[in-house]
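Per numbering that gives the first Met the number 0, residue 0 is the first one in the sequence shown, and the count goes up by one each step.
Quick reminder that beta carbons are idealized off the backbone N, C-alpha and C, glycines included.
Bear in mind that the values here come from a model prediction, so they are computed numbers and not experimental data.
Written below as structure tokens is the structure these notes are about.
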Amino acid sequence: MLRTNAFRLAVLYLGLFATSVLALLAFIYWSTADFIEKQTEATLDAEIAGLAEQYDQRGLSGLVQVIAERSAGERGDAMLYLITDPLSHPLAGNLSAWPDGDVIRPGWIAFPVEVGRGANRATHMARATTFTIPGGYRLLVGRDLRDATAFRKRVTDTLAWAGVLTLGLGLAGGAFMSRNMLRRVEAVSNTTAEIIHGDLGKRVPLSGSGDEFDQLAANLNAMLDQIERLMEGMRQVTDNIAHDLRTPLSRLRARLEVALIEKPDAARAAEVMRETIAEADRLLGTFNALLSIAEAESGSRRAAMEEVDLAEIVGSVAELYEPLAEEKGLTLTVTASAGVRVRGDPHLLAQAAANLLDNAIKYTESGGVRLTVAADEGGGRIEVADSGPGIPEDRREAVFDRFVRLEGSRSTPGNGLGLSLVRAVGLLHGGTITLADNGPGLRAILRLPAATGLPAVA
Ligand SMILES: Nc1ncnc2c1ncn2[C@@H]1O[C@H](COP(=O)(O)OP(=O)(O)O)[C@@H](O)[C@H]1O
Ligand SMILES: [Mg+2]
Numbered sequence: 000m001l002r003t004n005a006f007r008l009a010v011l012y013l014g015l016f017a018t019s020v021l022a023l024l025a026f027i028y029w030s031t032a033d034f035i036e037k038q039t040e041a042t043l044d045a046e047i048a049g050l051a052e053q054y055d056q057r058g059l060s061g062l063v064q065v066i067a068e069r070s071a072g073e074r075g076d077a078m079l080y081l082i083t084d085p086l087s088h089p090l091a092g093n094l095s096a097w098p099d100g101d102v103i104r105p106g107w108i109a110f111p112v113e114v115g116r117g118a119n120r121a122t123h124m125a126r127a128t129t130f131t132i133p134g135g136y137r138l139l140v141g142r143d144l145r146d147a148t149a150f151r152k153r154v155t156d157t158l159a160w161a162g163v164l165t166l167g168l169g170l171a172g173g174a175f176m177s178r179n180m181l182r183r184v185e186a187v188s189n190t191t192a193e194i195i196h197g198d199l200g201k202r203v204p205l206s207g208s209g210d211e212f213d214q215l216a217a218n219l220n221a222m223l224d225q226i227e228r229l230m231e232g233m234r235q236v237t238d239n240i241a242h243d244l245r246t247p248l249s250r251l252r253a254r255l256e257v258a259l260i261e262k263p264d265a266a267r268a269a270e271v272m273r274e275t276i277a278e279a280d281r282l283l284g285t286f287n288a289l290l291s292i293a294e295a296e297s298g299s300r301r302a303a304m305e306e307v308d309l310a311e312i313v314g315s316v317a318e319l320y321e322p323l324a325e326e327k328g329l330t331l332t333v334t335a336s337a338g339v340r341v342r343g344d345p346h347l348l349a350q351a352a353a354n355l356l357d358n359a360i361k362y363t364e365s366g367g368v369r370l371t372v373a374a375d376e377g378g379g380r381i382e383v384a385d386s387g388p389g390i391p392e393d394r395r396e397a398v399f400d401r402f403v404r405l406e407g408s409r410s411t412p413g414n415g416l417g418l419s420l421v422r423a424v425g426l427l428h429g430g431t432i433t434l435a436d437n438g439p440g441l442r443a444i445l446r447l448p449a450a451t452g453l454p455a456v457a
């Protein structure tokens, strides 16, 4: 705990906090004390001005009389008076003798006074100003600082309590903050440790507060999702290669072995080689298809996306398949509205369109194939409709899986990866692929969202 960053931060925070609180309290104390002192002096100044006036009007005897009047009895205003003759004998006042106090500044002294009688006796500090009157008489006008001292004490007590309270709260707050923060960091580090030990399915828990830690956790989780997706894709590709490429490779090998045992003449040897090359080409095709699917699924080509015109892409694909359709006696109709733009990977989109068109032509024996590009819900749509056997409704999901080929299609060439790639490309672009009945035939619709930042095409 002591070595953690959070604790150090909390201590630093507490230090800053304490310093500023103490500075504030010191300032309050200083200005309050200053205010009390000024008030005491102002009272004394007013008193002295009054006495000076009396002295001017009525002379020394008048002054003595006034002082005698003012110091008679308990007046409760804490004023102190004393006037003495040149021999320091008191003439009037409520002090018994001239105090020998400390001179705090010229004309001002501070001294202790005893007040009250019996059990109520107490010693207070007092402050006074002194004058020498012509003739050697001396005058002292002062004030018992009892109230001021009491007030000052109350202020210091209050400030001390406030200080203790704030420091306590600061300490508790700092400890709470660092504990809280540490717990969140610990959750992240626990999860990562579990993941390192092989459980990639683990995710960092969110507190639901949406704070920085939650954002960090959400980003980490998104990153882990992405990593898991990539790993899953890779695992599938390796699985597929292991299971589905082994058979054709063994077949290829067996064919070559048989040919070798047969001791073929030149013509037969050439035929076997041609067959072998065709088989190898199919294998390469399967490899490439698997790689394309993995690539599309991983999203690693997302950076290669650009704004593309669907009609352009589909147009060139249709041109490639035109001869094929003609050869089978099928009519290929292309309806492509211009200006349907989406954000995408032109190479993968062309591949997807080619796969749909290839299927339509491959599985249709008579009739026609219709290829349409149109604006759709703000985005675009590639639709391929044929008049072939179609796909039964309960198989329309399964055909998207890798290597799935329906009964009756096994005699036609193919690897069962075409629709898998179409779906992966659709997902990569944030779109969807749906298979529908064309009564008769199949209607495959690849919907793609609009290019972001472009006005939707009407
Ligand atoms: N247009 C279509 N008409 C009828 N069946 C189709 C059509 N398109 C696809 N299929 C069925 O879906 C299966 C999977 O298609 P695909 O993934 O392209 O693999 P492949 O074409 O290599 O067999 C095909 O084997 C076929 O049975
Ligand atoms: Mg196909």
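Ranked by how close their Cα comes to the Cα of GLU40, the residues ASP143, VAL203, SER60 have ASP143 in first place. Of the residues assessed, SER297 falls on the buried side of the cut-off, its CB having 16 or more other CB atoms within 10 angstroms. Taking one beta carbon from each stretch, the segment 80-95 and the segment 45-65 have 3 or more pairs nearer than 8 Å; the two touch. In this structure, the straight-line span from the alpha carbon of VAL372 to that of SER208 is close to 46 Å. For ILE103, the closest alpha carbon among the candidates LEU323, ALA125, ALA96 is that of ALA125. ASP101 carries a strand assignment under DSSP once its states are collapsed to helix, strand and coil. In this structure, GLY377 lies near ALA449, with their beta-carbon atoms less than 8 Å apart.
Residue side-chain check: ASN287 keeps its Cβ at 7 Å or more from all non-hydrogen atoms of ligand 2. C-alpha of ASN354 to C-alpha of ALA324: approximately 14 Å in a straight line.
Judged by DSSP secondary structure, VAL316 falls within the alpha helix (DSSP H) whose first and last residues are 309-326. With contacts defined by Cβ atoms closer than 8 Å, LEU441 and LEU434 form a contacting pair.
In the three-state DSSP reduction, PHE6 falls in the helix class (H, G or I). At a cut-off of 7 Å, the beta-carbon of LEU329 does not count as near ligand 1: no heavy atom of the ligand is closer than that. If the five residues before and after LEU255 are omitted, its C-beta is found closer than 8 Å to the C-beta atoms of VAL271, THR275, all from its own chain and listed in chain order. Remark: C-beta atoms of ARG380 and ILE292 do not approach each other more closely than 8 Å. Runs of the alpha helix (DSSP H) lying entirely within the segment 383-428 and spanning at least 4 residues, in chain order: 417-427.
Remark: C-beta atoms of TYR320 and ASP357 approach each other more closely than 8 Å. According to the DSSP assignment, VAL271 belongs to the alpha helix (DSSP H) that extends over 265-297. Between GLY284 and ASN414, the C-beta gap is smaller than 8 Å, which places the two residues in contact. In terms of Cβ geometry, ALA423 and ALA221 do not form a close pair [threshold 8 Å]. In the DSSP annotation of this structure, the continuous segment of the alpha helix (DSSP H) that includes PRO345 starts and ends at 345-362. In this structure, ASN354 has its beta carbon less than 7 Å from a heavy atom of ligand 2.
PRO111 is bridged by DSSP to MET124.
Excluding the 5 residues flanking it on each side, ILE390 has same chain C-beta neighbours closer than 8 Å at VAL398, LEU405, LEU434, LEU441, in chain order.
Collapsing the DSSP output to three states places GLY367 in a strand. Placement of the Cβ of GLY438 at a distance of 7 Å or more from every heavy atom of ligand 2 is found. ALA268 and ALA352 have their alpha carbons spaced roughly 38 Å apart. The segment 12-27 and the segment 161-170 touch, with no fewer than 3 CB-CB distances between them shorter than 8 Å. According to the DSSP assignment, LEU138 belongs to the beta strand (DSSP E) that extends over 136-143. Following the DSSP letters along the chain, one finds ALA241 inside the alpha helix (DSSP H) bounded by residues 211-243. Shown here, ASP375 sits in a strand according to DSSP, grouped into three states. Out of SER386, LEU348, LEU309, the CA that lies nearest to the CA of ALA374 is found in LEU309. Comparing C-alpha distances from GLY366 to each of LEU21, LEU329, VAL313, GLU396 shows the shortest one belongs to LEU329. For GLY92, the enclosing beta strand (DSSP E) covers residues 89-92. Short note on GLY407: C-beta not closer than 7 Å to any heavy atom of ligand 2. Note that the segment 148-156 does not touch the segment 173-189; fewer than 3 beta-carbon pairs, one per stretch, sit closer than 8 Å.
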